[in-house]
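Below is one structure, written out as structure tokens, with a few remarks after it.
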Amino acid sequence: MAVRVPGDATSEPLTASGLQSLEITDFRNIENARLGFSPGLNLITGANAAGKTSLLEAIFCLGRVHSFRSSDADCLIRDNQPAWRLVGCIGLAEGRGIPVGIERYPGRYRIHLEGRPVSRLSDLAGRLPVHIMSGDTANILDGGPRYRRQTLDWALFHVEHGYREAWQRYVRALRQRNAALRAQAPVKQISAWDAELIDAAGILDRLRRGYLDELAPHLHAEFGVLLPGIQIALRYRSGWAQDMTLATALDNSLDRDRAQGYTHAGPHRGDFSLRVEEKPIMTCFSRGQQKATVLAFLLAQQKLQHARAAPQGAFLLDDLASEMDADHQTRVIAALAELQAQVFVTAIDPQALACDHWPVNKRFHVEHGAIHEVV
Ligand SMILES: Nc1ncnc2c1ncn2[C@@H]1O[C@H](COP(=O)(O)OP(=O)(O)O)[C@@H](O)[C@H]1O
Ligand SMILES: [Mg+2]
């Protein structure tokens with residue numbers, strides 16, 4: 028059972044505008060669904076355990092080739108079935124759609140892009156940028172530095188030419204340096220990687236700072252809407268002491284690097300934080316306020332993508348209403364409606380979602396894994 032997707036095999040740069048359609052087979056509790064989506068707002072309703080999050084997970088998988096709920100792609104295969112399959116059509120800015128297919132058999136993927144088999148997962152990842160906010164996944168507040176770095180890197184892959192190449196160079200040099208450290212190689216062999224590491228790190232650091240500087244006004248604007256009256260500060264840490272160059276930091280930590288077998292300084296240790304009156308948000312915000320903060324950040328990112336004419340992709344919000352009062356929901360929904368991006372929102376009870384003035388373009392109802400468009 029190969030994924031067959033028709034279409035020509037050109038490979039021009041893509042500017043995805045969203046997911047036009049998706050056929051799902053044997054993914055979680057969804058046996059089969061053929062869905063056509065709105066480029067605007069899609070509302071997904073259904074009782075507990077109906078399969079709402081599973082639908083978002085399928086969309087997310089098409090964008091990133093992994094789930095946000097599990098690192099094991101095999102557990103997504105519907106019970107007692109041989110494989111799951113997703114065939115989607117990603118809309119391009121100019122109106123055309125490109126077909127994409129992913130199949131997962133235990134332990135292996137089969138991927139097709141525009142009718143051609145693709146051997147590397149990374150060739151597909153990123154064709155459809157997807158952002159998720161779900162109780163099942165980490166976020167920029169509680170996800171730790173690694174999660175925040177990934178968030179930053181992921182965004183930069185889409186908005187900055189040159190970031191991906193610098194990132195690949197950096198990771199390669201870092202791996203080699205760490206291998207030399209672990210092998211207890213002579214200092215010369217370790218520091219042989221420093222020039223490449225420092226050069227690529229300089230590009231990553233500059234582009235990350237530039238991105239966050241550009242994001243800050245969007246963040247303040249979104250914050251002003253979702254959490255008015257609270258002044259937020261965005262702080263970036265490059266991954267080494269700010270009062271010295273990376274070259275000096277590498278020299279200073281060489282003994283420790285050799286003792287512990289890895290490189291301590293560099294953009295792979297970078298991080299950013301959101302603070303209110305010098306305090307980390309996790310310590311002073313309620314769960315609802317934290318959720319609004321994460322949303323403000325995602326919305327700001329989306330606005331920046333839009334301002335840069337970068338691929339917009341799809342915005343996935345799982346169970347938006349939980350832990351959020353009606354006032355905050357109204358603000359979020361107004362912000363989402365204004366956002367010129369494709370949005371998928373799930374809700375157990377659509378009545379509980381304060382969406383009176385929300386121009387929902389399409390509604391879907393999920394029941395025991397069966398998904399129907401509500402017309
Ligand atoms: N591999 C699988 N095969 C069949 N059912 C599954 C699989 N993985 C999860 N499920 C079931 O799918 C159902 C839907 O879950 P979920 O999408 O989280 O529902 P919702 O978000 O609507 O509450 C759950 O009952 C879950 O147990
Ligand atoms: Mg759910």
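Under the numbering used here, the first residue of the sequence shown is numbered 28, with each subsequent residue one higher.
Here a beta-carbon is modelled for each residue, glycine too, at the ideal position from N, C-alpha and C.
In angstroms, rounded to a whole number, what distance separates the CA positions of residue i and residue j?
i	j	result
Arg-55	Leu-49	15 angstroms
Val-127	Leu-83	17 angstroms
Asp-298	Ala-228	14 angstroms
Asp-240	Val-186	14 angstroms
His-392	Ile-86	16 angstroms
Asp-221	Asn-75	53 angstroms
His-399	Thr-320	33 angstroms
Ala-327	His-245	5 angstroms
Ala-243	His-395	43 angstroms
Gly-189	Ala-268	25 angstroms
Arg-176	Pro-307	17 angstroms
Ala-276	Glu-58	54 angstroms
Tyr-289	Ser-265	18 angstroms
Asn-107	Gly-78	17 angstroms
Val-402	Leu-70	12 angstroms
Ala-210	Met-271	28 angstroms
Gly-153	Gly-118	13 angstroms
Glu-273	Ala-219	The displayed chain sequence assigns Leu, not Glu, to residue 273. Those two C-alpha atoms are separated by around 15 angstroms.
Asp-345	Asp-284	42 angstroms
Leu-41	Gln-332	Note on Leu-41: pLDDT 42, under 50, position unreliable in the model; no value is reported.
Arg-147	Thr-373	32 angstroms
Arg-96	Val-214	42 angstroms
Arg-233	Tyr-263	11 angstroms
Leu-179	His-291	20 angstroms
Met-309	Arg-358	22 angstroms
Residue i: which of the options sits nearest, CA to CA?
i	options	result
Arg-61	Thr-52, Asn-69 and Leu-273	Thr-52
Leu-322	Ile-117, Phe-299, Phe-250 and Arg-143	Phe-250
Gly-171	Val-393, Gln-328, Gln-329 and Arg-296	Arg-296
Ser-403	Arg-96, Val-92, Gly-162 and Ser-65	The displayed coordinates of the chain run from 28 to 402. Any statement about residue 403 would go beyond what the structure contains.
Leu-103	Ala-120, Ser-81 and Gly-90	Ser-81
Ile-159	Asp-150, Pro-213, Cys-88 and Ala-364	Cys-88
Ala-165	Ser-94, Arg-233 and Ala-334	Ser-94
Asp-99	Ala-77, Gly-134 and Gly-122	Gly-134
Ala-200	Pro-294, Glu-58 and Ala-120	Pro-294
Asp-150	Gly-122, Arg-191, Gly-315 and Tyr-263	Arg-191
Asp-169	Gln-317, Pro-338 and His-333	Gln-317
Ile-343	Leu-301, Thr-357, Asp-180 and Leu-363	As written in the sequence, residue 343 is Leu, which differs from the Ile given in the question. Of the listed residues, the one whose Cα sits closest to Leu-343 is Leu-363.
Ala-212	Trp-181, Asp-282 and Arg-235	Asp-282
Please find out if some non-hydrogen atom of ligand 2 comes closer than 7 angstroms to the beta-carbon of residue i.
i	result
Thr-164	no
Asp-298	no
Who are the near neighbours of residue i in its chain, counting only those whose CB is closer than 8 angstroms to its CB and skipping five residues on each side?
i	result
Thr-37	Residue placement at Thr-37 cannot be trusted, given a pLDDT of 33 that sits under 50; what the coordinates show is reported in the next sentence. Result list for Thr-37: Glu-141, in chain order.
Val-30	In this predicted model, Val-30 has a pLDDT of only 32, less than 50, meaning its place in the structure is not dependable; the value taken from the coordinates is given anyway. The answer, listed in chain order, is Arg-112, Val-114, Gly-128, Ile-129, Glu-130, Arg-137, Ile-138 and His-139.
Val-303	Ile-257, Gln-258, Ile-259, Ala-260, Cys-311 and Phe-312
Ala-341	Gly-45, Leu-46, Ile-86, Gly-90, Leu-155, Pro-156, Val-157, His-158, Ala-368, Gln-369, Val-370 and Phe-371
Gly-34	With a pLDDT of 30 at Gly-34, under the threshold of 50, the modelled position of this residue cannot be trusted; read the value that follows with caution. Once the five neighbours on either side are set aside, the close Cβ partners of Gly-34 are Ile-125, Pro-126, Glu-141 and Gly-142.
Asp-376	Thr-72 and Ala-348
Glu-365	none
Ala-248	Ala-327 and Lys-330
Gln-339	Ala-43, Ser-44, Gly-45, Pro-156, Gln-329, Gln-332, His-333, Gln-367, Ala-368 and Gln-369
Less than 6 angstroms between C-beta atoms, sequence neighbours within five positions excluded: which residues of the same chain meet that for residue i?
i	result
Cys-116	Gln-47, Ser-48, Gly-124 and Pro-126
Arg-105	Asp-53
Phe-15	Look at the range of the chain in this structure, 28 to 402, and you will see that residue 15 is not part of it.
Asn-388	Ser-65, Gly-67 and Leu-68
Arg-196	Ala-227
Tyr-132	Ala-110
Ala-207	Gln-216 and Ile-217
Ile-230	Ala-193
Tyr-238	Leu-183
Ala-337	His-185 and Val-186
Run the proximity test for residue i: is its beta-carbon closer than 7 angstroms to any non-hydrogen atom belonging to ligand 1?
i	result
Gly-170	no
Cys-102	yes
Arg-55	yes
Gly-134	no
Asn-279	no
Val-393	yes
Asp-106	yes
Asn-59	no
Ala-77	yes
Gly-73	yes
Can you list, in chain order, the residues of its chain with a C-beta nearer than 7 angstroms to that of residue i? Leave out the 5 residues immediately preceding and following it.
i	result
His-355	Leu-253, Gly-315 and Ala-319
Leu-224	Tyr-197, Ala-200, Leu-201, Arg-204 and Gly-293
Say whether chain C places a C-beta atom closer than 8 angstroms to the C-beta of residue i.
i	result
Phe-95	Any reference to chain C falls outside this structure, which holds one protein chain only.
Any residues whose CB sits closer than 7 angstroms to a heavy atom of ligand 2? List them in chain order?
Lys-79, Thr-80, Asp-345, Asp-346 and Thr-373
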